[in-house]
Amino acid sequence: MTSPKINFSPKGLFIGGKWVDSYKGERFSTINPSNGQHLGQVPLAEKEDVNRAVIAAKQAFQDWGKMPLKERAGFLIKLADKLMENRDELGMMDCVDSGNALNGMKGDVDWSSDSLKYFAGLISEIKGETFSEKPGHFNFTKRQPYGVVAKINPFNHPLRFCAEKSAAALAAGNTVIVKASEQAPLSSLRFAEICEEILPEGVVNVLTGDAICGDAMVR
């Protein structure tokens, strides 16, 4: 039994808006869990690659975090629309790479797009508070983005956990580093290609690797 054909060749790690090889140049295979069919070779990220991604994300944060809210929302809406343009491809990719049912994986694309639009709509609600505790005093709060957000994703909903779960962080003005599951990394890399078309460099960075990469991300 052969897998449905997916026309996708992993380019590398996505760091700072560019496709780069892993630090040691090593790759690993991703397979269709339903039949063991080889789907491609993806980079095996090391701690040095995590460090590169952190530097890129920190640099991108300087502009992304200060961007006018309406402009940032516009980027997320464009990203959401682009996911839907590629719904069939992304759904099939996750079906083959993770072993989930096709309809469910297409539904994950819908969820991802909806979440990006939802949080884009909430951007205008990022507000502080003002109050006067006593005469002559004025108190206020101001909400500010955290900075760089790291995400380590499981295998069972690869695209959804990559895109949907990044939506709130991006909307709030943070930049993101995603480690895709080594068991199903392809749609995360395809998501990175879409981000390359739409988002400023370094706002989203996508790594593929094993526990070494994950461990470095939480240090």
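Using my numbering, the first residue of the sequence shown is number 2, and each one after it goes up by one. Note that CB positions come from ideal geometry on N, CA and C, so glycine has one too.
Beta-carbon contacts of residue i that lie in its chain and below 7 Å, excluding the five residues immediately before and after
i	result
G18	E197, E202, G203
I213	E47, K48
Sequence-distant residues of the same chain with beta carbon closer than 8 Å to residue i, five excluded per side
i	result
K59	G148, V149, T176
G41	F9, S10, P11, S30, T31, L187
N154	F162, C163, K166, V179, K180, A181, S182, S189
G215	I153, K180
I195	L80, K83, L84, N87
Separation of residue j from residue i, as counted between CA atoms
i	j	result
S116	E90	19 Å
E47	R191	21 Å
G26	S99	25 Å
K152	L208	10 Å
N33	D64	40 Å
K118	A168	8 Å
D109	F120	16 Å
V219	A54	13 Å
I66	L171	What sits at residue 66 in the sequence shown is Gly, not Ile. If you take the alpha carbons of G66 and L171, they lie about 9 Å apart.
Y24	D50	6 Å
A61	N36	41 Å
V43	A185	10 Å
H39	R144	47 Å
V205	T142	28 Å
Bridge partner(s) assigned by DSSP for residue i
i	result
Q42	S30
T176	V149
K19	I16
Contact under 8 Å by Cβ, residue i with residue j
i	j	result
G210	K180	yes
I16	A57	yes
M7	M93	The identity of residue 7 in the sequence shown is Ile, whereas the question assumes Met. In contact: I7 and M93 (Cβ atoms closer than 8 Å).
L77	S113	no
N157	N104	no
Close Cβ partners of residue i (< 6 Å) along its chain, the five nearest in sequence each way excluded
i	result
K79	I199
E183	D211
Heavy atom of the ligand FAD within 7 Å of residue i beta-carbon
i	result
G129	This structure does not include the ligand FAD; it has no bound ligands of any sort.
If we count Cβ pairs, one from each stretch, closer than 8 Å, do we get three or more for the segment 130 to 147 versus the segment 157 to 166?
-> no
Contact between the segment 113 to 129 and the segment 63 to 76: three or more CB pairs below 8 Å?
-> yes
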